[in-house]
Amino acid sequence: MTAFVEALGLAMMLAGTAFLVVAAIGVWRLPDLLSRLHVLTKADTAGVALIAIGAAIHVQDVAATLSLALCTLLVAVSGATTGHLIARDQFNPSVADAEEGA
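As structure tokens, this is what we get:
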């Protein structure tokens, strides 16, 4: 593996880690739930995607790349779905109560 490819993979992983750290700081510092959800879902998906791309560049294996792509897809879908459900419950708590049968 050339030094450039290795440096590119490590730089992508470092950028992804920076996204996740900024998201954690945002969750800690932002005042309300919806602001926290916004920063968390966006930065979480971007951070995991950058880490997965960097790892795929670094590893250079098709099977590992497919596994990383699947993990990234699962994080993106689950993060967006969870954020939507939490925000919906914040705006309309009766929807969650009705679905639970209460």
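Just so you know, we're using our numbering here: the sequence shown kicks off at 6 and counts up by one.
Don't be surprised by glycine CBs; every beta carbon is placed ideally from N, CA and C.
Just so you know, these numbers come straight off a predicted model, no measurement behind them.
Inset, instruction - Output the boundary residues of the alpha helix (DSSP H) element that contains T87. - result: Unbroken alpha helix (DSSP H) run through T87: 67-96.
Inset, instruction - Check whether the segment 7-27 touches the segment 52-63, counting contact only when three or more Cβ pairs, one atom from each stretch, lie closer than 8 angstroms. - result: Contact between the segment 7-27 and the segment 52-63 is present, because at least three Cβ pairs lie under 8 angstroms.
Inset, instruction - Could you check what DSSP says for D37 in three-state terms: helix, strand or coil? - result: Assigned with DSSP and collapsed to three states, D37 falls in coil, not helix or strand.
Inset, instruction - Taking 8 angstroms as the cut-off, decide whether the C-beta atoms of G21 and V53 are in contact. - result: Closer than 8 angstroms, so yes.
Legend entry - Through-space distance from T50 to V26, alpha-carbon basis: Straight across, the Cα-Cα distance linking V26 with T50 is about 13 angstroms.
Inset, instruction - Would you mind stating whether V44 and A68 have Cβ atoms separated by less than 8 angstroms? - result: Result no, Cβ atoms of V44 and A68 do not sit closer than 8 angstroms.
Inset, instruction - Put T22 into one of helix, strand or coil per three-state DSSP. - result: Judged by DSSP in its simplified three-state form, T22 adopts helix.
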